[in-house]
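Under this note's numbering, the first residue of the sequence shown carries the number 278, and numbering increases by one thereafter.
Don't be surprised by glycine CBs; every beta carbon is placed ideally from N, CA and C.
Quantities reported herein were computed from a predicted structural model and do not represent experimental measurements.
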Amino acid sequence: MIGRITGILLETQPPWLVVDVAGIGYELEASMTTLVALPGLGEKVSLYTHLTVREDAHLLYGFAREQERALFRALIKVNGVGPKLALAILSGMDEDAFVRCVMDDDIKSLTRLPGVGKKTAERLIIEMRDRFPHWEHPDSTLTMAAGTAPTPGSTRDPLADAEAALVSLGYKPTEASRMLSGLENEGSTEAIIKAALAKRMAG
Numbered sequence: 278m279i280g281r282i283t284g285i286l287l288e289t290q291p292p293w294l295v296v297d298v299a300g301i302g303y304e305l306e307a308s309m310t311t312l313v314a315l316p317g318l319g320e321k322v323s324l325y326t327h328l329t330v331r332e333d334a335h336l337l338y339g340f341a342r343e344q345e346r347a348l349f350r351a352l353i354k355v356n357g358v359g360p361k362l363a364l365a366i367l368s369g370m371d372e373d374a375f376v377r378c379v380m381d382d383d384i385k386s387l388t389r390l391p392g393v394g395k396k397t398a399e400r401l402i403i404e405m406r407d408r409f410p411h412w413e414h415p416d417s418t419l420t421m422a423a424g425t426a427p428t429p430g431s432t433r434d435p436l437a438d439a440e441a442a443l444v445s446l447g448y449k450p451t452e453a454s455r456m457l458s459g460l461e462n463e464g465s466t467e468a469i470i471k472a473a474l475a476k477r478m479a480g
């Protein structure tokens with residue numbers, strides 16, 4: 278089991294990122310919450326990880342906080358919730374917000390997340406009440422900067438990348454397009470996605 282990775286951040290293409298560890302580039306999938314907390318490209322990063330082994334692939338997921346990984350692991354134990362949906366949930370709200378939704382029976386907020394219908398929200402509330410990990414933990418030694426520096430000479434379109442990332446999380450293309458309306462000047466892909474998710478949850 279790979280529990281943690283420390284290396285140089287080489288690339289971000291939400292929801293994916295690549296970390297160089299002693300010359301080996303590890304590709305990880307992460308929530309938008311983790312992606313917007315990453316340092317700039319070329320800087321050192323340390324992430325908690327979860328490895329999923331399938332017949333056709335070994336998939337590595339990265340998390341800025343141990344608490345986020347703990348919630349991810351609890352979510353994928355819920356019937357009908359796989360890694361993709363778990364990441365979508367973590368992208369739409371942080372751990373504390375999710376805990377509040379469960380404790381307050383807030384089905385409405387949960388159903389705003391992609392792939393979470395009323396039945397799934399009800400199942401999450403019922404099953405997660407007994408599956409919350411221990412949320413308090415010592416301060417992490419992670420050093421994260423706000424925002425991600427653009428790749429030198431990059432010609433990527435942050436808005437197009439943001440739309441692709443939202444679709445990969447489970448939003449329909451038309452819905453992703455609406456969420457991104459008016460966010461052209463937010464800056465990086467991660468900043469645009471963060472603003473779009475905040476806009477979606479507020480609406």
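task: Give me the Cβ distance between leucine 294 and glycine 357, rounded to the nearest whole Å; I'm assuming they're in contact under 8 Å.
output: In fact, because the Cβ distance is near 27 Å, the residues do not count as touching under 8 Å.
query: Under 9 Å between the Cβ atoms of proline 316 and isoleucine 470?
result: Against a cut-off of 9 Å, the Cβ pair of isoleucine 470 and proline 316 comes out as no contact.
- prompt: Quick check: the region 366 to 386 against the region 319 to 337, are there 3 or more CB pairs under 8 Å?
  reply: no
message: Using the three-state DSSP reduction, which class does alanine 334 fall into: helix, strand or coil?
response: coil
message: Between the alpha carbons of tyrosine 303 and aspartate 434, how many angstroms are there, rounded?
response: Looking at the two C-alpha atoms, the distance is approximately 24 Å.
query: Quick one: what's alanine 307 bridged to in DSSP?
result: Gly339
query: Excluding sequence positions up to five away, which residues of its chain have a Cβ less than 6 Å from the Cβ of glutamate 288?
result: Val295
- prompt: Quick one: is serine 308 buried, meaning 16 or more other Cβ sit within 10 Å of its Cβ, or exposed?
  reply: buried
query: How should lysine 328 be labelled, buried or exposed, when 16 other C-beta atoms within 10 angstroms of its C-beta is the threshold for buried?
result: Going by the sequence as given, residue 328 is leucine instead of lysine. Leucine 328 should be labelled exposed.
message: Between the alpha carbons of aspartate 297 and glycine 319, how many angstroms are there, rounded?
response: The straight-line gap from Cα to Cα measures roughly 9 Å.
task: Check each candidate in Pro360, Ile279, Gly280, Ala299 and name the one with the smallest Cα separation from leucine 286.
output: Ala299
query: When DSSP builds the beta bridges, which residues end up paired with serine 323?
result: Thr283
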